[in-house]
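Written below as structure tokens is the structure these notes are about.
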Amino acid sequence: MTSNDLPRIRACLFDMDGLLIDSEDLYTIVTNEILQKYGRPLLPWSVKAQLQGRPQPESGKIFNDFAQLPISEEQLNEERSALQLHYFPKSQPLPGVPTLLSNLVSTRSTDDPVYIALATSSHRGNYKLKTDHLTELFAAFPEPNKVLGDDPRIGKGRGKPLPDIYLLALETINSELRSKGKTEIKPEECLVFEDAVPGVEAGRRAGMQVAWCPHPGLLGAFKGREEEVLAGATGSHKEEEKSDAQKEAEELQAWRVQGSGTPGKIGDGFGQLYSTLEDFPYAKYGIRIP
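Residue numbers (UniProt numbering): 1 to 290.
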């Protein structure tokens, strides 16, 4: 057990945008350029907070309701894509990230390895734009352990804040462990690294521990509600989002029902807030860096 009597962490699962790399700031630049072009107000954190970590079309609807742009959805997508082609290849790692990943990778040669996986809502095209120039950084993640937003194993409409992507990321690790006759990792032995509120909720609903490292602007938008966020109890998830077909799919796929599917309790210790990933407290989670 760790120092706070929670299970020792055996796997770390990472979000990407705004957590590993500064792409959330690039999204803001792209969005504000379009908004300014059409005389609309800049994107406030109260709205951006709702967009983070969510898949299309949900985030698109939230943005369109705010922006009220005088252009078609097709034109908006064309202008956005052109700006993303320009900005995304400029993404850079956030402070502490290279060291954190390197340290976790170094445990693979020890008796207490910590496995890592990527769980990002970004689809493959955008993922490549953001990461092709950061090959050394993302080489830390084995290819089978990279789960992207358009992974066909994630059901339609089952993105964050639902837990599926993190349960699938864990399954990519456990499938390897099973093939080697090793003990599988339980959800509570996973630490999810997230910057977005829906992502924190996804991790908590997967039954996992969470390290929340938000942008200062996002933290300000949730001032006074930090413990609510850490418990995954802000209400991002709606049970009615599940159709009968989706519920049936959950029953058929074991990796989707490992977590409780419900948020945690305020103050239960499963969620911790960090202002940076620099000088990460590995010992707190029972992680031994060689």
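A virtual CB, placed ideally from N, CA and C, is assigned to each residue, including glycine.
With fewer than 16 neighbouring CB atoms inside 10 Å of its own CB, Ser175 falls in the exposed class. Contact between Pro290 and Ser106 is confirmed by a C-beta separation of about 6 Å, below the 8 Å threshold. Note on Asp195: 16 or more other CB atoms within 10 angstroms of its CB, so buried under the neighbour-count rule. By the Cβ criterion, the region 62-82 is not in contact with the region 109-116, since fewer than three pairs of Cβ atoms, one from each stretch, lie closer than 8 Å. For Leu273, there is no enclosing alpha helix (DSSP H); the enclosing beta strand (DSSP E) has its first and last residue at Gly271 to Leu273. Of all C-beta pairs linking the region 219-226 to the region 182-191, fewer than three are shorter than 8 Å, placing the two stretches out of contact.
In chain order, Ile266 place their CB closer than 6 Å to the CB of Glu227, counting only its own chain and leaving out the 5 sequence neighbours on each side. Bridge partners of Leu191 according to DSSP: Cys12 and Gln209. Its Cα nearest to that of Gly125, the residue Ser81 stands out among Ile21, Ser81 and Pro44. Per DSSP, reduced to three states, the secondary structure at Tyr285 is helical.
Distance from the CA atom of Ile9 to the CA atom of Val30, rounded to whole angstroms, is 37 Å. For Leu118, the uninterrupted beta strand (DSSP E) run begins and ends at Tyr115 to Ala119, by DSSP. Contact between the region 139-153 and the region 37-45 is not established, with fewer than three Cβ pairs separated by less than 8 Å. Inter-segment contact for the region 122-138 and the region 147-167 is present: three or more beta-carbon pairs are separated by less than 8 Å.
The three-state secondary structure of Lys90, taken from DSSP, is helix.
Between Leu20 and Val97, the gap from beta carbon to beta carbon is short of 7 Å. Distance between Leu273 and Pro93, taken at the CA atoms: about 20 Å. In this model, Leu101 and Phe14 are separated by some 10 Å (Cα to Cα).
Glu79 is a Cβ neighbour of Ile34, given a cutoff of 7 Å. Ranked by Cα distance from Val200, the options Pro152, Thr234 and Tyr127 are led by Thr234. Going by DSSP, Glu171 is part of the alpha helix (DSSP H) stretching over Asp164 to Ser179. In this structure, Leu137 lies away from Pro89, with their beta-carbon atoms at least 7 Å apart.
For Ala233, no alpha helix (DSSP H) run applies, since DSSP gives it neither H nor E.
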